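Just so we're aligned, residue 533 is where the sequence shown starts under my numbering, counting upward by one.
Worksheet: the structure to be examined is printed underneath.
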Amino acid sequence: MTIQANAINTTHQKAQELIARLTSGSRINKASDDIAGFAIAQRQTSQINGLYQATKNLGDGISLVQTADSALEHGSSVLQRKRELAVQANNGILNSNDRANIQKEVDQLKSEFDSIAENTQFNNQKIFDGSFSANIQVGNSEDGVKIQLSDLSELIGDIDVTTADNAETSVQSLDTALQDISDTRSDLGATQNRFESAINELHNASVRHNQSKSAIFDTDFAADLSENEQNKILSQVQIAMMKKNDHNKTFLMELFN
Numbered sequence: 533m534t535i536q537a538n539a540i541n542t543t544h545q546k547a548q549e550l551i552a553r554l555t556s557g558s559r560i561n562k563a564s565d566d567i568a569g570f571a572i573a574q575r576q577t578s579q580i581n582g583l584y585q586a587t588k589n590l591g592d593g594i595s596l597v598q599t600a601d602s603a604l605e606h607g608s609s610v611l612q613r614k615r616e617l618a619v620q621a622n623n624g625i626l627n628s629n630d631r632a633n634i635q636k637e638v639d640q641l642k643s644e645f646d647s648i649a650e651n652t653q654f655n656n657q658k659i660f661d662g663s664f665s666a667n668i669q670v671g672n673s674e675d676g677v678k679i680q681l682s683d684l685s686e687l688i689g690d691i692d693v694t695t696a697d698n699a700e701t702s703v704q705s706l707d708t709a710l711q712d713i714s715d716t717r718s719d720l721g722a723t724q725n726r727f728e729s730a731i732n733e734l735h736n737a738s739v740r741h742n743q744s745k746s747a748i749f750d751t752d753f754a755a756d757l758s759e760n761e762q763n764k765i766l767s768q769v770q771i772a773m774m775k776k777n778d779h780n781k782t783f784l785m786e787l788f789n
């Protein structure tokens with residue numbers, strides 16, 4: 533009787549394990565289910581979490597780059613307009629009053645350009661005041677890309693177009709500043725491309741890790757459903773045999789009594 537009871541208890545425990553696996557979708561619901569598999573799955577989970585955070589970091593990096601590039605695009609437009617005015621002021625037929633009027637717009641544009649440098653922010657941090665620096669993690673490691681942006685207000689000094697000679701010099705200064713902005717935007721574009729490529733690589737790595745974890749951790753529904761049905765049949769047979777043995781025992785006791 534004890535042997536049969538133990539067998540029924542073992543079958544019942546197996547049924548509980550199968551139901552837990554089928555309900556949760558996980559083959560391993562506690563470390564004791566598969567110690568080695570559980571340890572491997574935990575390492576895979578750590579890798580997946582690291583990849584997710586690295587991807588999020590890169591997304592933040594792309595947002596930063598786009599914010600900076602948008603501000604530089606605006607700044608470039610302002611400098612282009614200042615250059616047009618400087619070229620206009622270099623016209624020898626203009627008088628001092630004409631150039632004074634042009635200088636007024638140039639000064640207004642300087643205020644607009646300085647405002648870009650002063651007010652452009654990302655995550656409540658000014659990024660063009662010369663103090664901003666950020667290291668963006670590229671992969672699931674310590675590797676990173678440093679983004680450091682210079683003080684935009686120092687890119688070009690005051691522009692004086694009150695004389696033809698000053699206007700000509702100003703055109704040269706503005707050309708240099710415009711080239712500096714163009715170079716910075718090119719660097720930012722290359723950085724964004726690198727970030728986007730890294731995100732694709734991280735996504736592929738995450739898929740691989742999830743597949744590996746799934747192979748270890750996930751329930752094989754077809755196999756477990758089949759085993760569960762077999763376990764039900766076994767349980768029914770064991771219970772029937774126990775009842776039969778109980779009946780035989782009762783019959784013999786009655787016979788000898």
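For every residue, glycine included, the Cβ atom is placed at its ideal position computed from N, Cα and C.
Note that the structure is a prediction, hence the values are computed from the model and not measured.
Can you say whether residue i is buried or exposed, counting buried as having 16 or more other CB atoms within 10 angstroms of its CB?
| i | result |
| --- | --- |
| R631 | buried |
| N725 | exposed |
| D752 | Its pLDDT being 49, under 50, D752 is placed unreliably in this model, and the value from its coordinates should be taken loosely. With fewer than 16 Cβ atoms within 10 Å of its Cβ, D752 is classed as exposed. |
| G607 | buried |
| A709 | buried |
| S609 | exposed |
| Q640 | exposed |
| I580 | buried |
| A858 | Residue 858 cannot be examined here, being either before or after the span of the chain that is shown, 533 to 789. |
| I567 | exposed |
| Q743 | exposed |
| Q585 | exposed |
| A573 | buried |
| F680 | In the sequence under discussion, the amino acid at residue 680 is Gln, which differs from the Phe named in the question. Label assigned to Q680: exposed. |
| F783 | Low per-residue confidence applies at F783: pLDDT is 40, beneath 50, and the placement is therefore not dependable, though the value from the model is reported in the following sentence. Classification for F783: exposed. |
| S705 | buried |
Out of the options, point me to the one whose CA is closest to residue i's CA.
| i | options | result |
| --- | --- | --- |
| E637 | N589, D592, I625, Q620 | Q620 |
| D690 | A618, I748, N732 | A618 |
| N622 | T723, A600, D692 | D692 |
| G593 | N629, T701, S729 | S729 |
| G676 | L596, F727, Q635 | F727 |
| K642 | L611, L626, Q653 | L611 |
| K588 | G569, F654, Q669, R575 | Q669 |
| Q653 | N627, D601, L626 | D601 |
Going by beta-carbon coordinates alone, are residue i and residue j separated by less than 8 Å?
| i | j | result |
| --- | --- | --- |
| A699 | G624 | no |
| F664 | A649 | no |
| D712 | L734 | no |
| S738 | L590 | no |
| V703 | R613 | no |
| K658 | N667 | no |
| D646 | G662 | no |
| T694 | Q635 | yes |
| L596 | R717 | no |
| G569 | I748 | yes |
Bridge partners of residue i, per DSSP?
| i | result |
| --- | --- |
| F654 | Q657 |
| I668 | V677 |
Taking 7 Å as the cut-off, is the C-beta of residue i nearer than that to any heavy atom in the ligand FMN?
| i | result |
| --- | --- |
| I572 | This structure lacks the ligand FMN; in fact it carries no ligand of any kind. |
Where in the segment 570 to 656 do unbroken runs of the alpha helix (DSSP H), each at least 4 residues long, occur, reported from the N-terminal end onward? 628 to 651
List in chain order: all unbroken beta strand (DSSP E) runs of 3+ residues lying wholly within the segment 685 to 718. none
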